[in-house]
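Residue numbers (the numbering used here): 826 to 931.
Don't be surprised by glycine CBs; every beta carbon is placed ideally from N, CA and C.
These notes concern the structure reproduced below.
Here it is as structure tokens:
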């Protein structure tokens with residue numbers, strides 16, 4: 826006796842690793858999936874704008890209409906220098922403060 830369990834209307838998930846983001850989203854939506862995009866900064870040797878990984882993986886079966894998450898590489902951000910103040914901070918002098926304060930020599 827064989828028992829089959831139906832997971833509903835499942836379809837093969839396209840493998841989109843290495844695709845640019847737009848092409849990956851098009852392939853996944855054309856196959857009947859929703860797409861969730863997560864970005865990650867590209868490391869040396871990686872191409873920004875491309876899909877690094879996906880869940881579920883390509884060629885797996887998933888329920889039509891379910892969400893496929895893709896990790897898309899972004900440009901590496903260069904560290905920025907700390908901004909220096911463009912003008913000095915204002916200082917306030919109140920009457921009676923400092924060496925110029927009026928003296929009461931009574």
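Kindly list the residues whose CB is nearer than 8 Å to the CB of residue i, restricted to its own chain and excluding five residues on each side of it in sequence; keep chain order.
i: residue 866; result: 898, 899, 900, 901, 902
i: residue 846; result: 862, 874, 875, 876, 895, 897
Pick helix, strand or coil for residue i, following the three-state DSSP scheme.
i: residue 848; result: helix
i: residue 898; result: strand
i: residue 835; result: strand
i: residue 854; result: helix
i: residue 892; result: strand
My guess is that residue i and residue j are in contact by the Cβ rule of under 8 Å, so how many angstroms apart are they, rounded?
i: residue 835; j: residue 886; result: 4 Å
i: residue 841; j: residue 895; result: 6 Å
For the beta strand (DSSP E) containing residue i, name the first residue and the last one.
i: residue 859; result: 859-866
i: residue 887; result: 886-888
i: residue 878; result: 876-880
Who are the near neighbours of residue i in its chain, counting only those whose CB is closer than 7 Å to its CB and skipping five residues on each side?
i: residue 849; result: 841, 876, 895
To which residues of the same chain is residue i closer than 6 Å at the C-beta, ignoring the five residues directly before and after it?
i: residue 889; result: 834, 836, 857
i: residue 881; result: 838, 887
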